[in-house]
Amino acid sequence: MKKLSIMFIILFLAACSAETIENEKTQPEINVVKASEKAVQQQPKEADEQEYIKILKVNAPKLWSDADVQLWTYVNDYSLAEALGYTQEITNWRKYEVEFDKSLSSPNQTWENPGKLLLAFMTDVEVSNYLGREIWEINSRIKFLDENNALGYIMSYGLHDDSAAGSDIKLTMKKENGFWFIELVEQREQCSRGIGEESGFCL
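Position 96 of the sequence shown, counting from 1, maps to 221 under our numbering, and the rest follow consecutively.
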């Protein structure tokens, strides 16, 4: 009787094993690669040599108060220029040298807000014509001084120029009888290699 019980157990286990093997054959093969803990935590060899541009909190621009800040200057790599003895500088504002439609400078009851006036100016002087070719990006901002006065900024950066990295245009705008017009237009450059002492322009 004891021998029969043992034989029954052996046959039962054999049957279970055969069923398990058959089930495994019908399942699709899944390749599981388990990375070792050491491999996961290991850093690339060159990672120790990488340098990152960091902005201190005290130096970070306050966007709503610094309407004319060029954000790219905070992340651009000027190390090569600095190694050659150059420093990044910004020229002084000067009168805009390009002619534009005179109607933009007269209170002709056309532009209901400074944003529309700024866009009309940008369209007239075709400031966006070189986007994607000579200029990487152009952005615009409005800063209200009060209900009737505002400043408009048109800021270009990523110029195909080894001297000027970017350029800015500033519109001084005024509201009269409910409509806006341009009082003054100025321009300046963001210089990669500093400013000439005599010329006042980018080196």
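Yeah, the Cβ is synthetic: ideal placement off N, Cα and C, and Gly gets one too.
Are the CB atoms of residue j and residue i within a distance shorter than 8 Å?
i	j	result
isoleucine 307	leucine 229	yes
glutamine 315	tyrosine 221	no
glutamine 195	glycine 283	no
asparagine 238	tryptophan 189	no
Ordered along the chain, which non-local residues of its own chain (more than five positions away) have a Cβ less than 7 Å from that of residue i?
i	result
isoleucine 329	In the structure as shown, the chain begins at 126 and stops at 328. Residue 329 is therefore absent and cannot be evaluated.
Could you tell me the distance, in whole angstroms, from the CA atom of residue i to the CA atom of residue j?
i	j	result
glycine 303	isoleucine 279	24 Å
leucine 209	isoleucine 320	15 Å
phenylalanine 246	isoleucine 267	13 Å
lysine 182	glutamate 259	33 Å
asparagine 217	serine 253	23 Å
glycine 240	proline 186	23 Å
glutamate 262	leucine 256	7 Å
Taking 8 Å as the threshold (beta carbon to beta carbon), is residue i in contact with chain D?
i	result
lysine 295	Although the question refers to chain D, the structure presented lacks it and comprises just one protein chain.
Please report the Cβ distance between residue i and residue j, rounded to the nearest whole angstrom; I am assuming they are in contact, meaning their Cβ atoms lie under 8 Å.
i	j	result
leucine 276	threonine 297	6 Å
Could you tell me which residues DSSP pairs with residue i in its beta bridges?
i	result
isoleucine 180	According to DSSP, isoleucine 180 bridges with nothing at all.
glutamine 312	Arg219 and Ile294
glutamate 214	Cys316
Grab me the residues of residue i's own chain with a C-beta within less than 6 Å of its C-beta, minus the 5 sequence neighbours each way, in chain order.
i	result
valine 310	Tyr221 and Leu296
tryptophan 197	Tyr282
Ordered along the chain, which non-local residues of its own chain (more than five positions away) have a Cβ less than 8 Å from that of residue i?
i	result
leucine 328	Tyr211, Ser288, Cys316, Arg318, Gly319, Ile320 and Gly321
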